[in-house]
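Residue numbers (this note's numbering), protein chains in the order written: chain A, 94 to 438; chain B, 94 to 438; chain C, 94 to 438; chain D, 94 to 438.
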């Protein structure tokens, strides 16, 4: 039996240029911003001018998770491929993986076996740089905040009440809790600080729940970063940070187009964790997919009781979405595991 | 008089697709990995098979710097454009800017006025993600190091003698000196720590002085990160980190092709600071430029006494390079400034 | 109406030399180690050789406390004075105050009004130096522990699992949580650390619950200070610290003799907090008082549900004590306060 | 040959009660505040009413120090004993040792062999509590300073510019550099902080250079503890700390009377380090000794080039003192050592 990587590397040889995948959805080459020959961002300026019936959105979720994962992504990819094989204009919408877990135990987030998104390796590494942009925007806000306090602190921010955390796209426990601003008068203000993994950052959640760039900027400005000595909240907007943050996120905000092993278009965009955030791909990507395809297969992180709830109650409300169907993945392994069978079986 | 940005934005309309720029140098489209339509990485697999005389390398340096900069980059771009206008096959080789100073006082590193590299805004923001990749690789090593200590410290590393620092592509004084690994037993090991700006990081210097991927991996493995309790040095190789670091850097290691306002090919790759590191673009880029063009115009950071010395003594020795000519920029303003005239004049 | 201090300062003029107070209890001058003319330590070498019936111990406790205190100490002093006036050989046994709260809101711990122990000011300041000695012994153990880790850590102590805290006889919130051992290789090992007020320190509790110097040394050696990387407890004894600690505590371990305003002998010795520790004076003092007097009036901190419980269940068991009577102080103010009447009334 | 401790312990048996030593100098018993039977503080209220010629002050210093010490103290004690044997009314004036080095390599500061001050063990441990009082006063100021910042910081103090350090009477490298005020909003303000050994503290120097309690209070109020955000110095006086500090120091400020093995009166008071501070006993003690005796033998720490210079230029100027003679100790060992002979010889 071949490993995922062997399958992916073999398939790579038959990968179609991304302009061909775009063409399947009617996107002209000039509206695709290529990243190499097999990945592209779909320009925010692109609008589908052809009228068509509303897309049907299918949510893939699962029963309670197991340590090995549930098979949601492979089911999503397989279902998308199947619909495409039936001749339906189908778009698969998934989250993009963070670098962090890639170097950890779990492996990437692009499916597995013959139900994969490719080029897998690229997707699992830097991809089109979205997570780097989100990390930068997140940390720019932190730097502006600390710089504000350092430069005289006109807003009267209490350094002990900074609630905003820095981000890094890496599993690095060493940075979770730290004291920053040491080294004397010229090197910031001493305070308790810390890094979250980018997928768990405030900017990632904001990025995924914004409808367009203007909405993103507005939402960024409302992030609460600290409290004043007299208990008033301070937002990114109070620091006038949202403009520079949006500049850093502008390119990243365009959804990413790739393909399955069978050539079905897949939009991979945004990757918030499902435990700490809401665990779905971006509203921008799902909206665009609905504009492009007749069937949109998407996924919500973790089990139905957590991820699907968040999908329905947060993402759907936010974008006015009514999914047409929900697939509940219940693998034999998960049923056995939750029924008390030993993990090793 | 138009501002740099106005000139750049106007020029953007006449920008040539990057495949046309590549074609000027004989690079086929399939050897270019596009990032949008106006930036590309030149694939490491590309080799110029046409025999040609050895390229002449022209170094642009300057007298002692002034706060406003010397004009080295504008001279480099202007000289490159002039040689191209004379019909010479010319490649300009410059450093890529870090995000950090972009949001600071100084502005980007892509020239100015009519002697600019475009698309300026892209170059000054995420560009093709090289600095993000370098930041990631740098921080992966730090995370592996701290994880090694946390997991039992078989190498007997003294946490007080970690000499390797984390990196962030941002001007953030708050992170210069910190205590990391706080928060109890499960969150790392308490130690004094800190971040440098990516342009000043160890991995940036290593990246720029490596001849090819194999050499990069070897050089990465030799980075000293800490000392043991009994004073022995510990390298990235001791932590077996170089493989994963090289994976993160693989794509970034391909040089980036862009153009001047006049359509002259420019390779922008690597951006070490000239004070703390050696201040020149990558050996990989300069070597490739020499393979592609007849004239290569390049630049060394800071004044001749610092940057040009480092170029000659470090980079030239490392790659076996003999520059054919050196241009010494001596602006009227710099002469006046160093002659004691008030800065405002 | 006179303030406590006015009363105390007036009474000071009629204070009897401490040798006279000692003589009331049959202690010869050579067994008293004077601290000035009105305070003395009773030498550990002193033994009452006259046989007498077993002393009756009266515990003074109170209903739930109010912010202003309950009046336990004034009742104890008053009751002692009354018994003495009836011709009973009486000794009052109380805790000695820590410096900390003296400079805070609450005031000292030597009673009030005409039911005071004097010289009040001395007692509330350094007194005979017991709290300083306890602070020193506590911090010596901390220094030996950190020095052990610094010098090679043969015991394999995990600096993240140090559970022993430093002590200071002061209300200083700034020292509660800190990172110590910063400043590079020669200045200790970075770790999370902190200070407790001496009254809440481990050594204070140990000091008060030890029967004699040998028992003290044994108990000190059993203090758990940290855990190894593989989870084994490390004690003061493993660090061979108990000897030096006992040297620092030797003089302090002798109980302190002072007097009430009416000249009744009072032994003031040991001052653990009642919330975090057991809240009674030393076993050494109570035992000596029972040897010297026929009636011993003592007090347990906080309310009956906390302090008296601890007195009965911890101190009495430890020293084999059966109190003959318990006085429960229930002031009108406390009854009203707990009945819901506004604090101001 | 007997060790210092054996000699001291043997001599202890022949020690004279401190009232007898006081009587030699004409001090009545009521002006002595005894600490046990062999140590006393001389009350600040005591004034010698008998007119007598001005005392002659003899300074004992030495050539450059060796690791083992120079013999200054043994010479001082021997010289004092000799003068006394000649029938001269002599007082020896020395520094009191800190606890810190006692548990380190060097041993105490009370002389050695048959030229010792006794009771040696008491002097080397808590003695009469002076160092504890100085430590408390020093740390009270630190606590008041941090509390001021914590409570609203009306004085606009920059926590990064606190120059005042805490003190502990112990060799504890772990506390030299730390970050304090961690643990969130209720536990102070995060800042870089640290402890000095008490002998090197600001309050120790101030204590030793003050002429009387009023002068001490005034000098304490002038200690600079921090700077404001706009660079103005903040003193203990700005924090109104000097009153409470002086209360803590009041008793300690009375000089301590002990004796040599031969019964010569010795006043041991104040113990600043000679490298970081001025290295002599208190002005109060030297003044009192001059009032009491005809010959006063005193000592300055370290070599003549450091300690004697500081004695002459700082202490003598401050108290208007003209020493009558200087003894320069030049041991054979020191001469050999500085002449290049191996340390072991």
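Where a beta carbon is used, it is the ideal one built from N, C-alpha and C, also for glycine.
Alpha-carbon to alpha-carbon, residue j and residue i
i, j, result
"residue 303 of chain B", "residue 125 of chain B", "21 Å"
"residue 145 of chain A", "residue 375 of chain A", "22 Å"
"residue 330 of chain A", "residue 191 of chain A", "27 Å"
"residue 248 of chain C", "residue 321 of chain C", "7 Å"
"residue 406 of chain B", "residue 379 of chain B", "16 Å"
"residue 362 of chain B", "residue 113 of chain B", "20 Å"
"residue 483 of chain B", "residue 400 of chain B", "Not covered by the structure: residue 483 of chain B. The range shown for chain B is 94 to 438."
"residue 282 of chain B", "residue 279 of chain C", "18 Å"
"residue 197 of chain A", "residue 243 of chain B", "In this prediction, residue 197 of chain A has a pLDDT of 45, which is less than 50 and means its spatial position is unreliable; what the coordinates show is noted afterwards. Going from the Cα of residue 197 of chain A to the Cα of residue 243 of chain B covers about 15 Å."
"residue 317 of chain B", "residue 100 of chain D", "56 Å"
"residue 179 of chain D", "residue 255 of chain C", "59 Å"
"residue 267 of chain A", "residue 142 of chain B", "49 Å"
"residue 149 of chain D", "residue 115 of chain D", "20 Å"
"residue 173 of chain D", "residue 167 of chain D", "10 Å"
"residue 219 of chain B", "residue 225 of chain B", "8 Å"
"residue 351 of chain D", "residue 340 of chain D", "24 Å"
Per-residue DSSP class, three states only, for residue i
i, result
"residue 266 of chain B", "helix"
"residue 229 of chain B", "helix"
"residue 364 of chain D", "coil"
"residue 256 of chain D", "coil"
"residue 138 of chain D", "coil"
"residue 347 of chain B", "coil"
"residue 149 of chain B", "strand"
"residue 392 of chain A", "strand"
"residue 359 of chain A", "strand"
"residue 336 of chain D", "helix"
"residue 204 of chain D", "strand"
"residue 424 of chain D", "coil"
"residue 109 of chain B", "coil"
"residue 352 of chain A", "strand"
Partner residues on chain C for residue i, Cβ-Cβ distance less than 9 Å
i, result
"residue 326 of chain B", "Those within 9 Å of residue 326 of chain B in chain C number zero; the least Cβ separation is about 15 Å."
"residue 313 of chain D", "Here the premise fails: no neighbours, minimum Cβ distance about 15 Å."
Partners in chain B for residue i, counting only beta-carbon separations shorter than 8 Å
i, result
"residue 232 of chain A", "261, 263 and 265"
Nearest-angstrom Cβ-Cβ length linking residue i and residue j, presumed shorter than 8 Å
i, j, result
"residue 377 of chain D", "residue 222 of chain D", "With a Cβ gap of about 16 Å, residue 377 of chain D and residue 222 of chain D do not count as contacting."
"residue 154 of chain D", "residue 421 of chain D", "6 Å"
"residue 132 of chain A", "residue 215 of chain A", "6 Å"
Chain-ordered chain B contacts of residue i [CB-CB under 7 Å]
i, result
"residue 285 of chain C", "275 and 283"
Amino acids of chain C, ordered along the chain, whose beta-carbon sits closer than 7 Å to that of residue i
i, result
"residue 426 of chain B", "By Cβ distance, chain C contributes nothing, its closest Cβ being about 43 Å from residue 426 of chain B, past 7 Å."
Closer than 8 Å at the beta carbon, the chain A residues around residue i
i, result
"residue 139 of chain B", "Within 8 Å Cβ-Cβ: nothing; residue 139 of chain B doesn't reach chain A, min ~14 Å."
"residue 252 of chain D", "282 and 283"
Contact list for residue i against chain B, beta-carbon separation under 9 Å
i, result
"residue 243 of chain A", "266 and 267"
Listed by chain order, chain D residues near residue i by CB distance under 9 Å
i, result
"residue 192 of chain C", "229, 233 and 341"
Partner residues on chain D for residue i, Cβ-Cβ distance less than 8 Å
i, result
"residue 239 of chain C", "265, 266 and 267"
"residue 127 of chain C", "127, 128, 129 and 130"
Contact residues within the stretch 255 to 282 of chain B, judged by C-beta distance below 9 Å to chain A: 259, 261, 262, 263, 264, 265, 266, 267, 268, 269, 270, 271, 272, 273, 274, 275, 276, 277, 279, 280, 281 and 282
Chain-ordered residues of the stretch 330 to 346 of chain C with a beta carbon less than 9 Å from chain D: When CB distances to chain D are screened at a threshold of 9 Å, the residues of the stretch 330 to 346 of chain C falling below it are 337, 340, 341, 343, 344 and 345, in chain order.
Chain A contacts made by the stretch 219 to 230 of chain B, where a contact means CB separation under 7 Å: 219, 222, 225, 226 and 229
Chain-ordered residues of the stretch 288 to 308 of chain A with a beta carbon less than 8 Å from chain B: none
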